[in-house]
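Colleague: The working numbering runs 256 ahead of the 1-based position in the sequence shown. Don't be surprised by glycine CBs; every beta carbon is placed ideally from N, CA and C. Owing to the predicted nature of the structure, the values given are computational and were not obtained by experimental measurement.
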Amino acid sequence: MSQSLSITALIAGVIFIILGLTGGGFKIFGAEIASSISNKYLRFIATAFGIIFLIISFPQVLSEQQVTEPFRTSNQTSASINNLFDKTTITNSILEPVDFTAQGIPVVATENGNGAKLSVRVNNLSGDINKNDYKLVSFARVNGSSNWDYQGSKILSESPSPFELTLWHDPEANAGNQKLYEVITIISSTLSSSAPKTFTEDDVERFQITRSETLVFYRDDSRRSIPQ
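1. Can you have a look at Phe327 and say buried or exposed, based on whether 16 or more other CB atoms are within 10 angstroms of its CB?
2. If I measure Cβ to Cβ from Pro353 and keep anything under 7 Å in the same chain, skipping five residues before and after, which residues do I get?
3. Can you give, in chain order, each stretch of the alpha helix (DSSP H) that sits fully within the region 328 to 392 and has at least 4 residues?
4. For the alpha helix (DSSP H) containing Asp459, list its first residue and its last residue.
5. Pick from Asp458, Thr366, Glu420: whose alpha carbon is nearest that of Ser478?
6. In whole angstroms, what separates the C-alpha of Lys376 from that of Ser349?
7. Counting Cβ pairs, one atom from each stretch, are 3 or more of them under 8 Å apart for the region 467 to 475 and the region 433 to 445?
8. Exposed or buried, which one is Ala429 when buried takes at least 16 other CB atoms within 10 Å?
9. I believe Asn415 touches Leu392 by the beta-carbon criterion, under 8 Å. Please report the beta-carbon distance rounded to the nearest angstrom.
10. Our contact map puts Trp424 next to Val460 with C-beta atoms below 8 Å; I'd like the distance itself, whole angstroms only.
11. Please state the DSSP three-state secondary structure of Thr446.
12. Between the region 370 to 387 and the region 337 to 346, do three or more beta carbon pairs fall short of 8 Å?
13. Return the Cβ separation of Leu421 and Lys373 in integer angstroms, given the expectation that the two are a contact with Cβ distance under 8 Å.
14. Do Thr466 and Thr344 have their CB atoms nearer than 8 Å?
15. So the candidates are Asp355, Ser313, Ile273, Ile274; which of them puts its Cα closest to the Cα of Ile476?
16. Look up Ser313 in the DSSP assignment and say whether it is helix, strand or coil.
17. So which of Phe395, Tyr390, Ile346, Ile312 has the shortest CA-CA distance to Lys453?
18. Classify Thr303 as helix, strand or coil using the three-state DSSP reduction.
19. Would the beta-carbon of Tyr390 fall within 8 Å of that of Ser444?
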């Protein structure tokens, strides 16, 4: 049913219900609807017709309201956004590793968790993408942890984007000084710049459009102990 027909049905339903309840003798839009309906049976029929017209019109009117109600800040739907990034890949690499393990894992020398640098490159971006609408967001965690630590965000770019990583540090236990770490980068259009520090895996998946492979690296604050 078109919107105009649904509005007509709505008006007709209201008129029939008023007619059934009052018996007539009223005016709407300056026109007299009926002088009098004294027969209770006819008034019941008029009321029933009114209810039927209202039932017919309401779903269409409600659906029109739902369609026009915005649910995103962007004109694009989630499906169309995902299609734009079908061929896009994100590559993470550690900048200036001090060494590599026997397994080829890069070794990063940090000072209390500071100093690790990540380079993020994005390939195969569609020409239809407005880069200012999207962000690169990086996360890191100790290998085996269930949560990700937010490492910052940058405007989407095909040029390599550097991130300064801030890694977990426990000065008392000294447990984070020689550890395997994981890092990922996602593309997001909805993650706020005032993001919290810690994200669950479900949180990351909710915000991501696409994501990189997980990069594993070895943190060694001593700059000497290279695992074999």
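Modeller: From the atom records:
1. Along the sequence shown, read from residue 1 onward, the residue named residue 327 stands at position 71. Any reading at Phe327 is ruled out, since the residue's pLDDT is 30, under 50, leaving its predicted position unreliable.
2. Along the sequence shown, read from residue 1 onward, the residue named residue 353 stands at position 97. Excluding positions up to five away in sequence, the list reads Pro362, Val363, Val364.
3. Taking only runs of at least 4 residues, the alpha helix (DSSP H) segments lying wholly in the region 328 to 392 are 334 to 340.
4. Locating residue 459 in the sequence shown gives position 203, counting from the first residue. Under the DSSP assignment, Asp459 falls in the alpha helix (DSSP H) whose first and last residues are 457 to 463.
5. Looking up residue 478 in the sequence shown gives position 222. Nearest in C-alpha terms to Ser478, of all of Asp458, Thr366, Glu420, is Thr366.
6. Residue 376 sits at position 120 when you count from the first residue of the sequence shown. Residue 349 sits at position 93 when you count from the first residue of the sequence shown. Here residue 376 turns out to be Val, not Lys, going by the sequence shown. Answer to the nearest angstrom: the Cα atoms are 7 Å apart.
7. A contact exists between the region 467 to 475 and the region 433 to 445.
8. Walking along the sequence shown from the start, residue 429 turns up at place 173. With a pLDDT of 49 at Ala429, under the threshold of 50, the modelled position of this residue cannot be trusted, and the question is left open.
9. For the purposes of this step, residue 415 is taken as the residue at position 159 of the sequence shown. For the purposes of this step, residue 392 is taken as the residue at position 136 of the sequence shown. According to the sequence shown, residue 415 is Ser rather than Asn. No, Ser415 and Leu392 are not in contact; Cβ-Cβ is about 11 Å, not under 8 Å.
10. Residue mapping note: residue 424 aligns to position 168 of the sequence shown, counting from 1. Residue mapping note: residue 460 aligns to position 204 of the sequence shown, counting from 1. That pair is no contact at about 17 Å.
11. Taking the sequence shown and counting its residues from 1, one reaches residue 446 at position 190. Annotated three-state conformation of Thr446 is coil, per DSSP.
12. yes
13. Taking the first residue of the sequence shown as position 1, residue 421 is located at position 165. Taking the first residue of the sequence shown as position 1, residue 373 is located at position 117. That belief holds up - the Cβ atoms of Leu421 and Lys373 are roughly 7 Å apart, short of 8 Å.
14. The sequence position of residue 466 within the sequence shown is 210, counting from 1. The sequence position of residue 344 within the sequence shown is 88, counting from 1. Yes, these two residues count as a Cβ contact at 8 Å.
15. By 1-based counting over the sequence shown, the position of residue 476 is 220. A small correction: the amino acid at residue 476 is Asp; Ile does not occupy that position in the sequence shown. Nearest C-alpha to Asp476: Asp355.
16. The sequence position of residue 313 within the sequence shown is 57, counting from 1. Reduced to three states, the DSSP call for Ser313 is helix.
17. Within the sequence shown, numbered from 1, the residue matching residue 453 stands at position 197. Cα-wise, what sits closest to Lys453 is Phe395.
18. As a first step, residue 303 must be located in the sequence shown, where it is residue number 47. Three-state result, Thr303: helix.
19. Residue mapping note: residue 390 aligns to position 134 of the sequence shown, counting from 1. Residue mapping note: residue 444 aligns to position 188 of the sequence shown, counting from 1. Contact: yes.
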